[in-house]
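See structure below.
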Amino acid sequence: MIFYFSATGNTLWAAKQLAVFLNDTLVNMANADTNIEYELKDNERIGFCFPVHGWRPPLLVRHFIKRLRIRNYNKNYCWALCTAGDDIGLTMEYLSKDLSSLGICLDSIFSLIMPESYVGLPFMDVDKPQKELEKKEKAKNMLAEQIKSIEKREIGIVDTYKGRWPRTNSYLLGTLFIKCLITDKPFRVEEEKCTKCGICASVCPVNDIKGGKGMMPEWKHNNTCLTCFNCYHHCPKHAIEYGKRTKNKGQYYFKKNRIDNN
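Going by my numbering, the sequence shown opens with residue 31, and the numbers climb by one from there.
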């Protein structure tokens with residue numbers, strides 16, 4: 031069983047590859063009900079796939095784990111894989127602590143560097159096309175090796191890139207990220223560009239946008255926004271901005287290309 035969350039599609043690509051090669055079931059954490067209870071088959075693997083948000087697991091993932099109940103757990107093999115535009119800091123340490131509260135132990139951990147999608151800070155933008163392609167090709171090869179380790183149920187594998195300042199990034203910057211940057215308040219629509227297609231509302235993983243075809247989108251300001259920028263990246267007219275921080279920046283979401291055809 032693979033529990034996953036994905037916004038702009040990087041993690042979804044990885045999760046689908048894992049599910050196919052491991053013959054495991056995918057469970058979207060964003061679609062979970064209030065009461066989350068699953069039953070494992072004997073000796074069934076448990077996997078967690080998600081993007082890194084502020085050098086930590088996304089709040090949606092952490093809230094999911096708090097409510098998670100698993101029946102028939104008997105020290106089943108458990109692994110986790112996260113995707114990020116660069117380093118992951120202490121993301122897996124946070125995940126391990128959350129899972130330990132359920133009595134679940136992480137056996138091996140992995141990370142993949144994927145194209146950048148976070149544009150919420152002045153100095154951050156999406157990758158250039160060539161770098162995007164290079165990251166995807168490298169990730170494809172890395173994932174193939176990681177799948178082998180998971181298939182063999184190898185224990186103690188730490189195939190992650192924490193970066194040079196993991197504690198500073200996860201503890202200090204991560205705290206600032208949660209307190210100051212996870213908010214939908216700066217989102218706005220340039221009405222002259224908006225075609226009221228409804229795509230932004232349909233791709234929001236937490237249903238934080240009031241809208242649909244023929245409607246001007248409005249953010250609900252109900253403290254559910256993850257600032258995953260899925261709405262921003264999927265807008266076909268680039269009509270959504272995050273204050274002034276996204277002005278003249280690029281857009282990205284995972285599209286099928288030759289990464290799936292090699």
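All residues carry an ideal CB built from backbone N, CA and C; glycine is no exception.
query, result
"Distance, G273 Cα to I187 Cα", "41 Å"
"Three-way DSSP call (helix, strand, coil) for C108 in this model", "strand"
"Three CB pairs or more closer than 8 Å across the stretch 53 to 63 and the stretch 75 to 91", "yes"
"7 Å Cβ shell around T225 - same chain, five flanking residues per side excluded", "K267"
"Residues bridged to D189 [DSSP beta-bridge criterion]", "F140"
"F207: first and last residue of the uninterrupted beta strand (DSSP E) it sits in", "Note, F207: premise wrong, no beta strand (DSSP E); not H, not E."
"Cβ neighbour criterion (16 or more within 10 Å) applied to E150", "Rather than Glu, the amino acid found at residue 150 in this sequence is Gly. The residue is buried, with at least 16 neighbouring Cβ atoms inside 10 Å."
"Span of the beta strand (DSSP E) around F33", "I32 to Y34"
"H83 - partner residues in DSSP beta bridges", "R86"
"Backbone secondary structure at A269 - three-state DSSP", "coil"
"Buried or exposed (CB count within 10 angstroms, at least 16 for buried), Y148", "buried"
"Residues of its chain near D214, where Cβ-Cβ distance is below 7 Å and the 5 sequence neighbours each way are ignored", "D238, W249, H251 and C255"
"Rounded Cβ spacing between L111 and Q47 (contact assumed at less than 8 Å)", "About 10 Å; that fails the 8 Å criterion."
"Three-state class that DSSP yields for Y283 in the structure shown", "coil"
"DSSP-derived helix/strand/coil call for W249", "strand"
"Run of the alpha helix (DSSP H) containing F51, from where it starts to where it stops", "N40 to L52"
"Which of helix, strand or coil DSSP assigns to R92", "helix"
"DSSP state of N291 mapped onto helix, strand, coil", "Residue placement at N291 is poorly supported in this model, since its pLDDT is 44, which falls under 50; the coordinates still yield a value, given next. Three-state result, N291: coil."
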